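> FYI, in my numbering the residues of the sequence shown are 164 to 225.
Every residue, glycine too, gets a C-beta built ideally from N, C-alpha and C.
Bear in mind the structure is a predicted one, so any value in this text is a computation, not a measurement.
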Amino acid sequence: LDLYDSGATHHMSPYCESFVTFTETTPKTLSAANQQPFQATGEGDVIISVLNNSSPSSQIRL
Numbered sequence: 164l165d166l167y168d169s170g171a172t173h174h175m176s177p178y179c180e181s182f183v184t185f186t187e188t189t190p191k192t193l194s195a196a197n198q199q200p201f202q203a204t205g206e207g208d209v210i211i212s213v214l215n216n217s218s219p220s221s222q223i224r225l
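#1: Whole angstroms is fine: what's the gap from Ser181's alpha carbon to Ser217's?
#2: One question on the structure: do Val183 and Gly205 come within less than 9 Å of each other, judged by their Cβ atoms?
#3: If you check the beta carbons only, do Ser221 and Val213 fall under 9 Å apart?
#4: Taking the straight line between their C-alpha atoms, what separation do you get for Pro190 and Pro177?
#5: I'd like to know whether the C-beta atoms of Ile223 and Asp165 end up nearer to each other than 9 Å.
#6: Return the Cβ separation of Tyr167 and His174 in integer angstroms, given the expectation that the two are a contact with Cβ distance under 8 Å.
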């Protein structure tokens, strides 16, 4: 199950294969909600499918 916050400024994913674009960056240490640190190593775009009432699904780029 994947959850996405449509009001979030940034999204994170541990699934490198999900990125349709990806640029490596200088690693940056971030903290999860439980204060566990992890490294952000790049940035890019992920496309997700979202179910809606008007069609089977919509494609959204995050």
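Concretely, from the data shown:
#1: For this step, residue 181 is matched to residue 18 along the sequence shown. For this step, residue 217 is matched to residue 54 along the sequence shown. Their backbone Cα atoms lie some 25 Å apart in a straight line.
#2: Indexing the sequence shown from 1 puts residue 183 at position 20. Indexing the sequence shown from 1 puts residue 205 at position 42. Cβ distance not < 9 Å, so Val183 and Gly205 don't count as in contact.
#3: By 1-based counting over the sequence shown, the position of residue 221 is 58. By 1-based counting over the sequence shown, the position of residue 213 is 50. The answer is yes: Cβ separation under 9 Å.
#4: Taking the first residue of the sequence shown as 1, we reach residue 190 at position 27. Taking the first residue of the sequence shown as 1, we reach residue 177 at position 14. In this structure, the alpha-carbon of Pro190 lies about 14 Å from that of Pro177.
#5: Translated into positions along the sequence shown, residue 223 becomes position 60. Translated into positions along the sequence shown, residue 165 becomes position 2. The answer is no: Cβ separation not under 9 Å.
#6: Your numbering for residue 167 matches position 4 in the sequence shown. Your numbering for residue 174 matches position 11 in the sequence shown. The Cβ separation is near 6 Å, so the contact holds.
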